[in-house]
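This report concerns only the one structure given below.
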Amino acid sequence: MNCVLLPNFFFEEELQSTTVRGSKASRRLAAELAPIMGLLEQSSSVAERTSPGDRKPPDRPSPRRIVVVSETTRPTDVPTVLQDIDFLTIKELAEHIRRESQSAAERATAWRATPWGCSEAAVDVFRTAGLSGAWPRIDAVRLINSRRFQSLFDESIEVAGTGSMNTFGKLCSSMTEVTAAIRDACRYSPHGWVIKADLSHASRNRILGTSAACNNDQLTWLATRFSSGELVYVEPWVKRISECGLQFMIPSSDSGSSEVEFIGAVEMLTDSAGHYQGSVVVNPEGSDANEPLFWRAAIAHGRKIALKAAAAGYRGPLGIDCMLFQSPTDDHRWLRMCHDINGRLTMGRIALSLRKWLKAGESGLWIHSTAEFTQQNQNRIDEVSCSGVRIIPTSPGRIGGQAMKIQTALFASADPERLSTIRTLAIQSGFGKKVQEPIT
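Using our numbering, the letters of the sequence shown correspond one by one to residues 209 to 648.
This is how it looks when you write it as structure tokens:
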């Protein structure tokens, strides 16, 4: 089946019917990241994959894979891993579909429409191109992506003990409740607090602080949300040790399946502020054996969340982020089993698709870095790559005729120490200090 991919990275704003889609810089960043959506594996399970050298039978044409772009953000200098992807505007896509499919019935069986996140705006784009789909209810999508829903499952457990917390944060509807929640957060953690809007993901739509009182800008931010009837979620800020994205798929009603599918778990690379900077890509051969035991509790918890999401009417990809953190009271390790619920695709889901580019025995790091980092550390990167590390570019060289500010690449090696060197180099050099992804 042919596939059309829509990288609507400002999906949460679309759910709120917000006309402003971020700053000029964030829109440019979204345009630079859009082509990598073409890396997404389209089989029902990422484990059902073919190697890069496999070939389709000569009598079976390869399905088309199309990423929707604008005329001003068309990519050029496309790397090998994206060579089979077509980058078309909505107008070009509509013309192409009309040429290849004569009826709505033909289009329904020949084309799959896949947005980053399902919104009314995304559905309108596909309909403009002549495509239909078994879309989930938008009210269910909005609920699943809200802090109201996530707060129901925000449990934490002590990794090597018996401690547990039924809720990590506090859902608030007034300044009085926020003040009390901040006070509780400061008692628990000396690192401060974070307040997240009801629809807030990828380190956006949030405020951070370390004192027991909000400043004027923060008070204005809160007042704006409360005046429109929004809720906010107050959490203590803790020292994270590791983060992992759990990828599930809830089948559509016309798929013939009612089973929630666990696609895989992907450890995330993040900076000190929690911004996504890449993923650890583990070879599927023996991945279960390499999976830390503490993530398994989160996976079981995530499956329960996926079933609740399905019962609420949601269908499609579901990403659940969990976090291993150090307790500020006794330095013990705790597992926060659900600090984000993403009713959409995620960068972790794409990272799982990169496993097909690994050779036997290899693991990988998918790194998102600034061009500045790449230039400053090119000699060290070249030195490591000549010593058993393959570098597989996953981003085009130019977008809309302009050089990329963000580079992504898969670093693959059978030598864990080499990959550790790359990871250390990235962290020590602050590779993501200027990268704040619009969506993860």
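Ideal placement from N, C-alpha and C gives every residue a C-beta, glycine not left out. Predicted model only: the values in this text are computed from it and were never measured.
*Identify which residue in Thr-336, Ile-558, Pro-624, Ser-621 has its Cα closest to the Cα of Val-289.*
Ile-558
*Identify whether Lys-642 lies in helix, strand or coil by the three-state DSSP scheme.*
Here the model assigns Lys-642 a pLDDT of 47, short of 50, so the residue's position is not dependable, and the following value carries that caveat. Here Lys-642 sits in coil by DSSP.
*asked:* In chain order, what are the residue ranges of uninterrupted alpha helix (DSSP H) at least 4 long that sit wholly in the segment 527 to 611?
replied: 555 to 561, 579 to 584, 586 to 593
*Determine the contact status of Met-545 and Ala-520, defining contact as a CB-CB distance below 9 Å.*
no
*Output the distance between the C-alpha atoms of Arg-345 and Arg-552, rounded to the nearest integer angstrom.*
13 Å
*Taking 9 Å as the cut-off, decide whether the C-beta atoms of Trp-574 and Val-490 are in contact.*
no
*Can you give the beta carbon distance from Leu-241 to Ile-600, rounded, assuming they're within the 8 Å contact cut?*
The pair is not a contact, with the Cβ atoms about 17 Å apart (cut-off 8 Å).
*Asn-210 bridges to which residues according to DSSP?*
Trp-319
_C-alpha distance - Pro-323 paired with Ala-330, whole-angstrom precision_ = 7 Å
_As a quick exercise: from Lys-564, Thr-370, Ser-577, Trp-401, pick the residue whose alpha carbon is nearest that of Phe-376._
Trp-401
*Return helix, strand or coil for Gln-358, following the three-state DSSP convention.*
helix
*Leaving out five residues before and five after Thr-336 in sequence, what residues of the same chain have Cβ atoms less than 7 Å from its Cβ?*
Ile-298, Ala-302
*Counting along the chain, where does the alpha helix (DSSP H) carrying Ser-435 start and finish?*
424 to 435
*asked:* Quick check on DSSP: helix, strand or coil for Lys-404?
replied: strand
*Alpha carbon to alpha carbon, how far is Gly-417 from Ile-528?*
25 Å
*Provide the residue(s) that pair with Cys-380 in DSSP beta bridges, ordered along the chain.*
Val-440
*Could you name the residues that DSSP lists as bridge partners for Arg-448?*
Phe-533
_Where Glu-328 falls: helix, strand or coil (DSSP)_ = helix
*Along the chain, where does the alpha helix (DSSP H) that runs through Asp-347 open and close?*
346 to 352
*If we count Cβ pairs, one from each stretch, closer than 8 Å, do we get three or more for the segment 559 to 573 versus the segment 389 to 406?*
no
*State yes or no: is the C-beta of Pro-604 within less than 9 Å of the C-beta of Asp-285?*
yes
*Can you tell me which of the three DSSP states Ile-244 falls into?*
helix
*Let me know the secondary structure DSSP gives Pro-398 once reduced to three states.*
coil
*Could you pull the start and end residues of the beta strand (DSSP E) that Arg-412 belongs to?*
Unbroken run through Arg-412: none, as it is neither H nor E.
*Hey, Leu-223 and Asn-413: beta-carbon distance below 9 Å or not?*
no
*Using DSSP with H/G/I as helix, E/B as strand and the rest coil, what is Phe-502?*
helix
_With the cut-off set at 9 Å, would you say Gln-534 and Ile-449 are in Cβ contact?_
yes
*Across which residues does DSSP place Pro-525 in a beta bridge pair?*
Met-457
_On the DSSP bridge list, what partners appear for Gly-472?_
Gln-455
*Ala-302 lies in the alpha helix (DSSP H); which residues open and close that run?*
298 to 308
*Cβ separation of Glu-363 and Met-373, assumed to be a contact under 8 Å, to the nearest whole Å*: 7 Å
*Would you list the one or two residues that DSSP bridges to Gln-615?*
Ser-577
*For Asn-216, which residues from the same chain have a beta carbon less than 6 Å from its beta carbon, with the 5 sequence-adjacent residues on both sides left out?*
Pro-323, Trp-324, Ala-330
*Can you give the Cα-Cα distance for Met-209 and Ala-313, rounded to whole angstroms?*
14 Å
*Grab the span of the beta strand (DSSP E) containing Glu-366 for me, first residue to last.*
364 to 366
*For Glu-469, the nearest candidate out of Leu-526, Gly-437, Thr-428 (CA to CA)*: Leu-526
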